[in-house]
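In short: position in the sequence shown from 1, add 131, done, that's the working numbering.
For each residue, glycine too, the CB sits at the ideal point set by N, CA and C.
It should be emphasised that the depicted structure is a prediction, and the values quoted were computed from it without experimental measurement.
First the structure, in the form of structure tokens, and then the observations on it.
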Amino acid sequence: MGRISTRDDWMVERRKLLAAEKEFTKQRDELSARRRAMPWVKIDKDYVFDAPSGPVSLSDLFAGRSQLVVYHFMFAPNNEWGCKSCSFWADHFDGEIPHLNARDTRFVAISRAPLEKLQRHAKRLGWKFPWVSSGKTTFNYDFAVSFDDPSDPENVYNYTKTQVPHPDLPGYSVFVHGQDGEIYHTYSTFSRGIDLNNGAYNVLDMTPKGRDEGPQIMSWVKFHDEYPAL
């Protein structure tokens with residue numbers, strides 16, 4: 132049980148917290164500006180992905196827009212179902228897409244598993260967002276989210292050499308179509324860097340219990356069709 136307070140005392144603490152929240156918002160805006168100002172790196176490979184419509188290039192994934200946001204969804208080729216934690220994130224995607232499209236931004240999820248498995252997973256959970264397979268390419272390896280030997284201490288994830296817990300890990304990568312017709316990589320984020328994109332977690336962060344997780348974070352997460360009906 133939390134501390135019990137009068138409304139007046141609560142208001143004093145709330146105003147102090149509000150000042151800190153406003154400072155954090157300012158810092159976040161400044162950080163976002165630095166993110167947008169990151170240099171661009173030209174993509175020099177011709178990636179071809181498996182999509183429901185057939186083979187598609189990285190350029191095709193933009194679908195006529197100038198910006199592309201990729202979610203690296205954990206789904207290794209030998210797995211029967213995708214990652215439950217990534218599915219927690221993916222439950223948010225469909226509602227975002229019309230708004231991203233309106234801001235000249237395409238969203239696509241990419242995994243190494245075969246397209247047939249991606250489609251089965253999406254059908255089970257009722258998802259409609261674009262999801263393509265990179266399994267025939269080096270895309271996942273080039274963007275540091277897939278690893279042949281997770282135990283290798285020379286693996287690089289989240290810009291650090293480390294052993295990793297799984298052969299595939301999550302992240303976001305951002306690309307832009309330059310005015311010169313080339314495609315550029317502008318940003319990637321991994322690990323806790325993807326927290327901002329999970330609306331449910333951000334709602335829980337406002338509550339007294341918060342995320343209420345033990346040392347094994349997200350061990351409680353299930354596919355949304357596995358939770359008890361309320």
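At the C-beta level, R134 and R196 stay beyond 8 Å of one another.
Fewer than three beta-carbon pairs drawn from the stretch 333-351 and the stretch 223-237 are found closer than 8 Å, and the two stretches are therefore not classed as touching. Unbroken beta strand (DSSP E) stretches of 3 residues or longer found wholly inside the stretch 263-290: none.
Per DSSP, the continuous alpha helix (DSSP H) segment holding P229 begins and ends at 224-233.
For the set L256, Q310, L199, the Cα lying nearest the Cα of I228 is the one of L199.
Residue environment for A164: exposed (fewer than 16 other C-beta atoms within 10 angstroms of its C-beta). DSSP assignment within the stretch 154-233 yields the following whole alpha helix (DSSP H) runs of 4 residues or more, N-terminal first: 189-192, 215-221, 224-233. Bridge partners of S304 according to DSSP: V201, S319. Within 10 angstroms of the beta-carbon of M132 lie fewer than 16 other beta-carbons, which makes it exposed. In this structure, F204 lies away from I174, with their beta-carbon atoms at least 8 Å apart. The residue from H316, S322, D225, I348 with its alpha-carbon nearest to that of D273 is H316. Take N271, set aside five residues on each side of it, and the residues of its chain with a beta-carbon closer than 6 Å to its own are R243, S265, S277, in chain order. Using a Cβ-Cβ distance cut-off of 8 Å, the stretch 288-303 and the stretch 187-195 are not in contact, since fewer than three pairs of beta carbons, one from each stretch, lie closer than that value.
Residue range 236-242 is occupied by the beta strand (DSSP E) that includes R237.
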